[in-house]
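If you're matching positions, the sequence shown starts at 2 in the working numbering and goes up one per residue. Every residue gets a Cβ at the ideal spot worked out from N, C-alpha and C, and that includes glycine.
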Amino acid sequence: MTRSAIYLDHNASAPLLPQARAAMVAALDLSGNPSSVHGHGRALRNVIETARGQVAKLAEAERGQVVFTGSATEAITQAIIGGAKAFGVDALAVSAGEHMAVLKAAEATGLPVTTVGLDGDGSIRVEDIAAAVAKADGAGLRLLVCVHLVNNETGVIQPVDRVEMLVGPTPHHLFVDAVQGFGKLALEFSSRASDMMAVSAHKIGGPAGVGALLLKGHADAARLIPGGGQEQGRRGGTESAAAIAGFGAAAEVLPGQFYEANVSELIRTAEEGMRAMAPDLVVFGEKSDRIGNVSNFAVPGLKNSVAMMGLDLLGLSVSSGSACSSGKVGPSHVLAAMGVKPELAECAMRLSLGWSSTADDVEGFLKGFGEVVGRHRSRHGRAA
């Protein structure tokens, strides 16, 4: 099998930044437990606290609002299951386009879940949240509302500001999955009405296996793993100082590495090039405000399983959507929520770029895309 030469799946996991690797190696050379009070322990504690400040700065949060976890999925689960218990909520309102980590955590609370729809362009129906809030108010119930900042499949930027205006002044609570927006959009966590946000290291060029939950002070009781009092008692278990160091370094250097305007131009070039070869190309969510590093598209009749195999053989790594759902039978639940017909959804592919992406990567992708589409058209007797 040909080794992938061009990586175009940053939304699944961004390549490790050299600075993150260096920070991890330096931390691995230290011995001890960061909870120990001796010199070795204090050295590791300093590594973690330095990283806490770096992540807080990128999230525009206070240092004490950053709780390190073993992954974004853990952070999401802590926010939803731990938050539901801590806040004494009676029900949840969750958008249909959420990552499966959010949907599964909401289900695991055992509480009633109201599904908030998406419109045809992939945006959360804020009117559905307003209806859920009004219904809860009428029944004297407390809600935990769960929405995402940026959809991981379509790149659609969600109307979180409007959701905050609805939920913020009420007794209800709001969790935001900010994983795909972190490092690309201003989070402004400290000044927002959101109670909790989840972020991840490996989406921004840090290592896999570490995430963070951003918590306002009144949400400190949202806990999942009690443990031995680490992370100010908010997440038990000895911290992985090396992984956290890599997370912090990535948060520190990413703003200088990730040029949104440049990456957006690469995506535009890719979409224009694909349309030139496949005029019937469909780009999902293109009428909405999208983050600039991702394109979710389909060539009607060209199944993603076939197209991705062809691209992979040419050394091009793209995806069919969320990495956590790859290999599973059935179309994307996000596209289904948008009303996309199953026969078109099974043709959907996602191109996502990041800090290491170049114009040559896009040129190579378009060359491979042209070959795959050309073969498809010739087999089916249609002009490319």
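Query	Result
Do the CB positions of Val117 and Ala133 come within less than 8 Å of each other?	yes
Flag Met25 as yes if its beta-carbon sits less than 8 Å from any beta-carbon of chain B, otherwise no.	In summary, chain B is missing from the structure at hand, where a single protein chain is found.
Going by Cα to Cα distance, which pick from Leu317, Val38, Val374 is closest to Gly365?	Leu317
In angstroms, rounded to a whole number, what distance separates the CA positions of Arg53 and Leu18?	18 Å
Assuming Thr1 is part of the alpha helix (DSSP H), what are its boundary residues?	Absent from the model: residue 1. The displayed extent of the chain is 2 to 385, so no value can be given.
So the beta strand (DSSP E) Ala92 belongs to, where does it begin and stop?	92-96
Taking Ala27 as the reference, give the member of Ser321, Ala250, Lys342 with the closest Cα.	Ala250
Closest to Trp356 by CA distance: which of Ala338, Ala209, Val254, Met275 is it?	Val254
Pick from Val67, Lys58, Ala135, Gly121: whose alpha carbon is nearest that of Ala94?	Ala135
Taking Gly293 as the reference, which of Gly274, Ser265, Ala137 has the closest Cα?	Ser265
Is it right to say His174 is buried, meaning 16 or more other beta carbons lie within 10 angstroms of its own, or is it exposed?	buried
Could you compute how far the alpha carbon of Ala222 sits from the alpha carbon of Arg351?	37 Å
Give the straight-line distance between the Cα atoms of Ala271 and Lys368, rounded to the nearest whole angstrom.	10 Å
Could you name each continuous beta strand (DSSP E) segment of 3 residues or more that falls completely within the segment 129-210, going from the start of the chain to the end?	144-149, 174-178, 197-201
What residues in its chain sit with their C-beta under 8 Å from that of Arg46, if we drop five residues either side in the sequence?	Pro35, Ser36
For Ser72, count neighbouring Cβ atoms within 10 angstroms of its own Cβ and tell me buried if that reaches 16, exposed if not.	buried
Run the CB neighbour count on Pro415, radius 10 Å, all protein chains shown included, and call it buried at 16 or more, exposed below.	Residue 415 lies beyond the residue range present for the chain, which begins at 2 and ends at 385; the question has no answer from this structure.
Determine the extent of the beta strand (DSSP E) in which Thr116 is found, giving its start and end residues.	114-117
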